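Numbering (mature numbering (1 follows the signal peptide of the UniProt record, and there is no 0)), first residue to last: -28 to -1, 1 to 447. For every residue, glycine included, the Cβ atom is placed at its ideal position computed from N, Cα and C. Predicted model, so just to flag it, every value in this text is computed and none were measured.
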Amino acid sequence: MQVQRYLAMFSAVLLWLGLLTLITCNTANRQFLHENDEFVATKNVDSDTLYFESARKDKGLKEAANNNCTISIVESIPQNLTYKPDEYIHPSTYSGLKALLELAKESVHIASYYWTLRGKDVDFYDETADEGEDIFNTLMDLGMSKKISIKIVQNEENNDTALLAEKAFAEVQTLNVTRLLNSGILHTKFWVIDGQHFYIGSANLDWRSLTQVKELGVLVWNCSCLAKDVEKLFDVYWYLSKPDSSIPPVWPPNYATSINMSNPAVVSLNNTKARIYISSSPPQFCAPGRTKDLEAITHVIEQAELFINIAVMDYLPVRLYSDPGYWSTIDDALRQAASSSRFNITVRLLASKWNHTMHDMYAYLCSLAVLRSALRISVKLFEVPVYSEDQEKIPYSRVNHNKYMVTDKHAYIGDYFITTAGVAVVVDQPQYNTTRGNLRKQLEDVFMRDWHSPYSHFVNCSHCPHLEQDGHAEL
């Protein structure tokens, strides 16, 4: 099929488009040169989907040296949700995951919350399940070939992974976080391929996450130093998912890392120095050297000097999964940053509105929105429209599920941070570098695209008596 041929060329073409960023996973700023490459990009106007063709010679990205890496944002844009013609949309999550699987030669390791990749997994079938079906079938083919080892750690048992275990020889284990911590779930979504390539993001193993839910993640190719670091997190999950496992008082050295907030991997990002590390949660799952997610988040907030932009589905400064109660660590950090006497920092918070939004969230959002007159804090809600009766019938869809933060210094793409198991990618890349390949700048542009889109509206706090009349002023 022609689309399959395009997917095989995916990562090479992205280099030409400036979507993939060259990084070198060592302390020297060495440049990775691609020679004899010639690319052509075409746009399908009818579907507003980018398709790619490559006239490159048979000297592929797959054969690149192990220390040369590429990194790209990928996102899922729900069916029929469109932007202005001059707004950029990154390659799809589906295309990126498909490209990763096509690179697999030895192993595919996946950590996941839940699986509903096949249309039959959801009560209402929709033709947009095709992309999820294709990912599932590709995994099945890889496993049945007996050439690729597939290992999966999941939060709960499901029909998809049971079938992969039965017919594709996949090794599947279920991690019961509640058994270990008395509460919590495995909410992670990451893939590691051959210890060389990986994906971290918000997309579940769900066909709706590819076509009906707005998602964002990062794909990294040919980057063994970081991929092996993510692999250590997979090893932690694999160990803890054994029925008789327990959290060790001190994690053995083979789970430890030297890449963290204090000692990030120093990389060359389009000939510009950058720093990157992987954080994790909950703290009990963090081996020596691993930066905890909450530490990473508060550090990113504290280091900002110009702006803090946050996109998240739910914003509630409370503990939802353990010891319910008020939990203000991040909320306090945002208020502190906005009131800084050293910098004039603008804080923008973009939460999501959908059929399952918790009502209490509006009160917490308004508690920030009422500060717009005194501080530079602005709050909006992003709502994915429903355009058809079929879309209305698809359960738990049509929502902005992104989870990331971008400042003038950092890009943070991650998940949860107390008892829920999750991971994040943190990139330290200053605001002055605004080249198109700059990952932090790409994430900033995604946020501002959504912030100014017709799908985003200031939170309605008319029921809050202390909200100033001019509270909707743009920041």
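Do residue j and residue i come within 8 Å of each other at the CB atom, strictly closer than that value?
i: V190; j: I45; result: yes
i: N78; j: I107; result: Per the sequence shown, the amino acid found at residue 78 is Glu instead of Asn. Cβ distance not < 8 Å, so E78 and I107 don't count as in contact.
i: M285; j: K161; result: no
i: G173; j: A199; result: no
i: V239; j: I165; result: no
i: Q145; j: T100; result: no
i: A305; j: I273; result: yes
i: T229; j: R262; result: yes
i: D380; j: Q403; result: yes
i: V397; j: I248; result: yes
i: A140; j: G115; result: yes
i: V431; j: L343; result: no
i: D98; j: P367; result: no
i: E105; j: L89; result: yes
i: M377; j: I280; result: yes
i: residue 536; j: P236; result: Within the shown structure, residues of the chain are numbered from -28 to 447, placing residue 536 beyond reach of any answer.
What is the rounded straight-line gap between the Cα of residue i and the Cα of residue j?
i: S428; j: N372; result: 11 Å
i: V125; j: L69; result: 17 Å
i: P63; j: V399; result: 20 Å
i: L152; j: E59; result: 45 Å
i: Y86; j: L158; result: 9 Å
i: W223; j: P260; result: 7 Å
i: E25; j: W193; result: Only weak support is given to the placement of E25: the predicted model assigns it a pLDDT of 26, under 50, and the value that follows is read from those uncertain coordinates. Distance between the alpha carbons of E25 and W193: 19 Å.
i: L(-9); j: N410; result: Bear in mind that a pLDDT of 40 at L(-9), under 50, signals an unreliable position, so the model cannot answer this.
i: F206; j: Y55; result: 37 Å
i: D9; j: C41; result: Bear in mind that a pLDDT of 26 at D9, under 50, signals an unreliable position, so the number given afterwards is only what the model happens to contain. Approximately 17 Å, taken between the alpha carbons.
i: E7; j: F170; result: Low confidence applies here, because E7 scores a pLDDT of 27, under 50, leaving its location unreliable; read the following figure in that light. C-alpha separation (whole angstroms): 25 Å.
i: K29; j: D113; result: The pLDDT assigned to K29 is 26, lower than 50, so where the model puts this residue is not dependable, and the model offers no usable value.
i: T133; j: E47; result: 24 Å
i: residue 475; j: N109; result: Residue 475 is absent from the model: the chain starts at -28 and stops at 447.
i: S196; j: L353; result: 38 Å
i: L278; j: T318; result: 6 Å
i: Q401; j: H382; result: 6 Å
i: I43; j: Q363; result: 33 Å
i: I61; j: R412; result: 15 Å
i: P57; j: E143; result: 45 Å
i: Q3; j: Y384; result: Bear in mind that the predicted position of Q3 carries a pLDDT of just 31, short of 50, making it too unreliable to give a figure here.
i: L188; j: R421; result: 14 Å
i: D265; j: V395; result: 7 Å
i: H271; j: P221; result: 26 Å
i: Q414; j: P215; result: 42 Å
i: Q256; j: S300; result: 21 Å
i: F419; j: S350; result: 13 Å
i: S369; j: N131; result: 20 Å
i: S339; j: H331; result: 14 Å
i: Q275; j: S252; result: 19 Å
If you compare alpha carbons, which of the options is closest to residue i?
i: I250; options: K186, A268 and F257; result: A268
i: L347; options: V395, F315, A199 and E274; result: F315
i: I282; options: K264, L322 and T263; result: L322
i: S67; options: L182, K92, K123 and F96; result: L182
i: A76; options: D95, F96 and S117; result: S117
i: S324; options: Y287, Y336 and A310; result: Y287
i: T71; options: L111, C197 and K352; result: What sits at residue 71 in the sequence shown is Ala, not Thr. Answer by Cα proximity: L111.
i: R434; options: F141, Q401 and Y334; result: Residue identity differs from the one stated: residue 434 is Ser in this sequence, not Arg. With distances taken between Cα atoms, S434 lies closest to Y334.
i: V358; options: E47, T329, L343 and L53; result: L53
i: E128; options: G394, R320, I61 and S213; result: S213
i: E103; options: A341, L136, V185 and S155; result: V185
i: S345; options: H331, A310 and E364; result: A310
i: N226; options: S234, P254 and C258; result: C258
i: E355; options: E361, M377, D332 and H328; result: H328
i: D303; options: S313, V290 and L136; result: V290
i: I49; options: S360, L147, A175 and S313; result: A175
The alpha helix (DSSP H) that contains residue i, what's its start and end?
i: E74; result: T65 to L75
i: Y336; result: D332 to A341
i: W210; result: S196 to L212
i: E361; result: E361 to K365
i: L347; result: Element bounds for L347: n/a, residue is neither H nor E.
i: S181; result: R180 to T183
Which two residues bound the contiguous beta strand (DSSP E) that contains residue i?
i: E416; result: Taken as a continuous stretch (DSSP letters only), E416 belongs to no beta strand (DSSP E), being part of the alpha helix (DSSP H) at L411 to W423.
i: T394; result: The sequence as given places Gly at residue 394; Thr does not occur at that position. Note, G394: beta strand (DSSP E), G394 to D400.
i: G115; result: Premise fails: G115 lies in the alpha helix (DSSP H), D102 to M116, not in any beta strand (DSSP E).
i: T318; result: T318 to S324
i: T379; result: Y376 to T379
i: G91; result: That residue, G91, is in no beta strand (DSSP E); it is neither H nor E in DSSP.
i: L191; result: E187 to W193
i: F430; result: S428 to F430
Say the cut is 7 Å; is the CB of residue i nearer than that to a heavy atom of the ligand SAH?
i: K352; result: Absent from the structure shown: the ligand SAH. Ligands present: none.
Can you list the beta strand (DSSP E) stretches of 3 or more residues lying completely in the segment 268 to 305, in chain order? 279 to 283
Whole beta strand (DSSP E) runs in the segment 138 to 169 with 3 or more residues, listed along the chain? 143 to 146 and 162 to 165
To test your reading of the DSSP string, which unbroken beta strand (DSSP E) runs of 3 or more residues are found completely within the segment 217 to 268? 237 to 241 and 244 to 253
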